[in-house]
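A.B. asks: Below you will find the structure I want to go over with you.
Residue numbers (my numbering): 31 to 195.
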């Protein structure tokens, strides 16, 4: 029996799902890989390009079934600032280090990293540890990045000059 192939990421929107697959952010950023759902559906993901598959999206299999993607909780830091301007400064420092970041109106969430924590605390940030799904902001060269953040291409080249110190 051949494995079904998922070539489409879809919105579930009330459709029946055959199963779920629970993956951390790194494992949700894929183009092609063999996967097994939480309850044993063996399938191949084969997308046209690498992208971040978001929590709650579906993978439509060639046999018509849909596997819902779930974001696995990860060890994160929620970074808080003393003012909106301070939060922007912290975001700039994280962006300068190309740190994947989940941005909200009052905080920035990043993966736990002791070096970044030391830097942020030195800049006056308040850090809270948490275990939660991680859904970082998409990149500037992605389709509809300001509206949907649905494509996350980590294969993009890094062709610009600046210091990462």
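Using N, Cα and C, we set each Cβ at its ideal position, and we do this for glycine too.
Since the structure is predicted, the reported quantities are computational estimates derived from the model, not experimental observations.
Whole angstroms are fine: how far does the CA of residue 72 sit from the CA of residue 140?
C.D. replies: Along the chain shown, one-based indexing puts residue 140 at 110. Along the chain shown, one-based indexing puts residue 72 at 42. For residue 140 and residue 72, the distance between alpha carbons rounds to 31 Å.
A.B. asks: Tell me the rounded alpha-carbon separation between residue 77 and residue 106.
C.D. replies: Mapped onto the chain shown, residue 77 falls at position 47. Mapped onto the chain shown, residue 106 falls at position 76. The straight-line gap from Cα to Cα measures roughly 28 Å.
A.B. asks: Alpha carbon to alpha carbon, what distance is there between residue 157 and residue 143?
C.D. replies: Position 113 of the chain shown, counted from the start, is the residue given in the question as residue 143. Position 127 of the chain shown, counted from the start, is the residue given in the question as residue 157. Rounded to whole angstroms, residue 143 to residue 157 spans 11 Å at the Cα level.
A.B. asks: Distance check for residue 74 and residue 33, CA to CA, integer angstroms please.
C.D. replies: Locating residue 33 in the chain shown gives position 3, counting from the first residue. Locating residue 74 in the chain shown gives position 44, counting from the first residue. In a straight line, the C-alpha of residue 33 is about 7 Å away from that of residue 74.
A.B. asks: Applying the criterion that 16 or more other CB atoms from any shown protein chain within 10 Å of the CB defines a buried residue, is residue 84 buried or exposed?
C.D. replies: Numbered from 1 along the chain shown, position 54 holds the residue referred to as residue 84. Its Cβ being crowded by 16 or more others within 10 Å, residue 84 is buried.
A.B. asks: Quick check on this structure: which residue in 40, 128, 147, 57 has the alpha carbon closest to the alpha carbon of residue 104?
C.D. replies: Along the chain shown, read from residue 1 onward, the residue named residue 104 stands at position 74. The shortest Cα separation from residue 104 among 40, 128, 147, 57 belongs to 57.
A.B. asks: Which stretch, first to last residue, makes up the alpha helix (DSSP H) that contains residue 117?
C.D. replies: Walking along the chain shown from the start, residue 117 turns up at place 87. Residues 114-126.
A.B. asks: Would residue 88 and residue 42 be called neighbours here (beta carbons separated by less than 8 Å)?
C.D. replies: Counting from 1 along the chain shown, the entry for residue 88 is found at position 58. Counting from 1 along the chain shown, the entry for residue 42 is found at position 12. In this structure, residue 42 lies closer than 8 Å to residue 88 by Cβ.
A.B. asks: Step through the CB atoms of chain C and report whether any lies within less than 8 Å of the CB of residue 47.
C.D. replies: This model lacks chain C altogether; it includes just one protein chain.
A.B. asks: CB-CB under 6 Å to residue 128, same chain, minus the five flanking residues each way: which ones, in chain order?
C.D. replies: Position 98 of the chain shown, counted from the first residue, corresponds to residue 128. So the list is empty, once near-sequence residues are dropped.
A.B. asks: What does a CB cutoff of less than 7 Å around residue 160 pick up in its chain, not counting 5 residues either side in sequence?
C.D. replies: Here residue 160 is taken as the residue at index 130 of the chain shown, counted from 1. The answer, listed in chain order, is 106, 108.
A.B. asks: Are there 16 or more other CB atoms within 10 angstroms of the CB of residue 151, so buried, or fewer, so exposed?
C.D. replies: As a working note, residue 151 is residue 121 in the chain shown. When all chains shown are included, residue 151 counts as exposed.
A.B. asks: Could you spell out the range, first to last residue, of the alpha helix (DSSP H) harbouring residue 18?
C.D. replies: Beyond the ends of the chain as shown, which are 31 and 195, falls residue 18; an answer cannot be given.
A.B. asks: What are the start and end residues of the alpha helix (DSSP H) that includes residue 150?
C.D. replies: What you label residue 150 is simply residue 120 of the chain shown in a count that begins at 1. Here the alpha helix (DSSP H) through residue 150 covers 144-152.
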